[in-house]
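Quick notes on the structure that follows.
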Amino acid sequence: MLIATWNINGIKARTEGLKTWLAKARPDIVCLQEIKCQDKHFPAAPFEDLGYNVAVHGQKSFNGVAILSKYPFDEVIKGLPGDDGDIEARYLEAVISSKHGAVRVASLYAPNGNPVDSPSADGTKFAYKLAWLARLEEHARGLLTFEEPFVLAGDYNIIPEPEDVHDPEAWREDALFRPEARRAYRRLLNLGLWDAFRAAHTEGHRYTFWDYQAGAWPKDHGIRIDHLVLSPQAADRLVTADIDKAPRGWERPSDHVPVWIELAL
DNA sequence: ATGCCTGCGGTTCGCAGA
Numbered sequence: 023m024l025i026a027t028w029n030i031n032g033i034k035a036r037t038e039g040l041k042t043w044l045a046k047a048r049p050d051i052v053c054l055q056e057i058k059c060q061d062k063h064f065p066a067a068p069f070e071d072l073g074y075n076v077a078v079h080g081q082k083s084f085n086g087v088a089i090l091s092k093y094p095f096d097e098v099i100k101g102l103p104g105d106d107g108d109i110e111a112r113y114l115e116a117v118i119s120s121k122h123g124a125v126r127v128a129s130l131y132a133p134n135g136n137p138v139d140s141p142s143a144d145g146t147k148f149a150y151k152l153a154w155l156a157r158l159e160e161h162a163r164g165l166l167t168f169e170e171p172f173v174l175a176g177d178y179n180i181i182p183e184p185e186d187v188h189d190p191e192a193w194r195e196d197a198l199f200r201p202e203a204r205r206a207y208r209r210l211l212n213l214g215l216w217d218a219f220r221a222a223h224t225e226g227h228r229y230t231f232w233d234y235q236a237g238a239w240p241k242d243h244g245i246r247i248d249h250l251v252l253s254p255q256a257a258d259r260l261v262t263a264d265i266d267k268a269p270r271g272w273e274r275p276s277d278h279v280p281v282w283i284e285l286a287l
C-alpha cells in the first residue's frame, strides 16, 4: 500500500498537476494540505474518475485538508480534538480497510507559527502552533492505546534537525526551527512513533519545501517539513519511504513536493 | 533591513504563507 502526503498550495490551482502525479505515482492514499477551499468547492470529480474516494475538511481561502483513497472510508473524523474554539481546518482522519487490514490515516496541516512574537486573538501565532502540537501529541497518545497501524501525515511546519535545512543558522529564530517546535516534534516521536523518511534514509539535506522566492529551488535552498509519522504497528510494516521532488520543477508548481511510504498492508 | 513569489478573494491590492 502506497500512502503519500502533499501540501498542494491550492487545489483549484493544482488539479491538473495532482492528476498528472497520481497517474505517475499511483498511490493508494493521498493526504492533501492547503486545499484553500470549502468542502463544497473541492473538485472531487476528476479524482473520483481516477478511482479515488474523497474526504474533505476545508474552509474558504486558507488551510484545508483532504484525503483521497482507492479503498473506501470506514470512518471519517473532521478536526483535531482538544479545542472546540479552534475553527481552522487543519486535521482530517480516516479509517481505511485494504484487503490486508485496516489503517488509520490522518492528513494534518500544523500552524506555521511565524512571526514568533506577533500578537493575535489567542496570544501569539507561535503559542497557537505549540498548543496545536500539544493537542496532536495528546490525540496520538490516545490512538496508541488501540495498538493498530496509523499514519499521521502532513505538513508539520517543523524542521526536525539541522541536517533537514540548507542553512540552519539562517533559520535559527524561525518558528519552523525554534527549539520549542523541534521539541514538540521530538515529544511526539518519543511516544514510540517513527519519522518514516528518516527511518528509511540516513542522508541529510533531502527537502520537501523550497520557497518560491530568491531562487530557492534552483539553488536547492530547501527544508524538510512534510512528514509521515508511524505508529509502531505501521512502522513494523514499513517497506520504503521517499521524497518525490520532481513536481517542484513542473509548470505552476506547489512550493511543497509529495512524500510517500510503502506499507506491507 | 527588506523584498523576492504565489494563491485567493474580490476586484487590481491586501493578506498569508515559510
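Following this note's numbering, the numbering of the first sequence begins with 23 at its first residue and continues without gaps.
Beta carbons: idealized from backbone N, C-alpha and C, even for Gly.
Between which two residues does the alpha helix (DSSP H) holding residue i run?
i, result
"Gln-255", "254 to 257"
"Tyr-150", "147 to 166"
Can you look up residue i in the DSSP assignment and give me helix, strand or coil?
i, result
"Ile-30", "coil"
"His-79", "strand"
"Leu-102", "coil"
"Asp-96", "strand"
"Phe-64", "coil"
"Trp-216", "strand"
"Tyr-207", "helix"
"Leu-72", "coil"
"Trp-272", "coil"
"Glu-115", "strand"
"Ala-143", "Residue placement at Ala-143 cannot be trusted, given a pLDDT of 47 that sits under 50; what the coordinates show is reported in the next sentence. Of the three classes helix, strand and coil, the one that applies to Ala-143 here is coil, per DSSP."
"Leu-40", "helix"
Can you list, in chain order, the residues of its chain with a C-beta nearer than 6 angstroms to that of residue i? Leave out the 5 residues immediately preceding and following it.
i, result
"Pro-103", "His-161"
"Val-78", "Asp-61, Phe-64, Ala-88"
"Ala-143", "Caution applies to Ala-143, whose pLDDT of 47 falls short of 50 and renders its modelled position unreliable; the model cannot decide the point."
"Arg-157", "Leu-102, Gly-104"
"Asp-50", "Met-23, Leu-24, Lys-92"
"Glu-110", "Asn-85"
"Glu-115", "Ile-99, Ala-128"
"Glu-331", "No answer is possible for residue 331: it lies beyond the span of the chain, which begins at 23 and ends at 287."
"Ala-26", "Pro-49, Val-52, Pro-280, Trp-282"
What number of angstroms, rounded off, separates the C-alpha of residue i from the C-alpha of residue j?
i, j, result
"Lys-100", "Gly-135", "22 angstroms"
"Arg-112", "Val-52", "15 angstroms"
"Pro-137", "Asp-105", "22 angstroms"
"Phe-168", "Trp-232", "37 angstroms"
"Lys-34", "Ala-236", "25 angstroms"
"Val-251", "Ala-221", "10 angstroms"
"Ala-47", "Asn-29", "16 angstroms"
"Trp-193", "Arg-200", "8 angstroms"
"Phe-219", "Ile-265", "8 angstroms"
"Pro-280", "Leu-260", "17 angstroms"
"Gly-271", "His-278", "11 angstroms"
"Glu-191", "Asp-258", "36 angstroms"
"Ala-132", "Ile-181", "12 angstroms"
"Gly-176", "Gly-107", "22 angstroms"
"Leu-287", "Ala-263", "14 angstroms"
"Gly-226", "His-249", "14 angstroms"
"Pro-269", "Phe-148", "30 angstroms"
"Gly-214", "Phe-172", "12 angstroms"
Could you pull out every residue in the same chain whose Cβ sits closer than 8 angstroms to the Cβ of residue i, ignoring the five residues on either side in sequence?
i, result
"Lys-41", "Pro-68, Phe-69, Leu-72"
"Pro-94", "Asn-75, Ile-118, Ser-119"
"Ala-66", "Val-76, Val-78"
"Ala-45", "Leu-72"
"Asn-31", "Glu-56, Lys-58, Ser-276, Asp-277, His-278"
"Arg-204", "Ile-180, Ile-181, Pro-182, Glu-183"
"Leu-211", "Asp-217, Val-251"
Name the two residues that bound the continuous beta strand (DSSP E) containing residue i.
i, result
"Ala-124", "123 to 131"
"Asp-177", "172 to 177"
"Ala-286", "Neither: Ala-286 is in no beta strand (DSSP E) and is coded neither H nor E."
"Asp-264", "260 to 265"
"Gln-55", "51 to 55"
Bridge partners for residue i per DSSP, in chain order?
i, result
"Ile-87", "The amino acid at residue 87 is misidentified as Ile; the sequence shows Val. Beta-bridge pairing links Val-87 to Gln-55, His-79."
"Leu-24", "Glu-284"
"Ile-245", "Val-187, Phe-231"
"Leu-250", "Ala-175"
"His-278", "Phe-231"
Ignore the nearest five residues each way along the sequence and tell me which others in residue i's own chain have a CB closer than 7 angstroms to its CB.
i, result
"Asp-242", "His-188"
"Glu-202", "Leu-152"
"Arg-209", "Glu-159"
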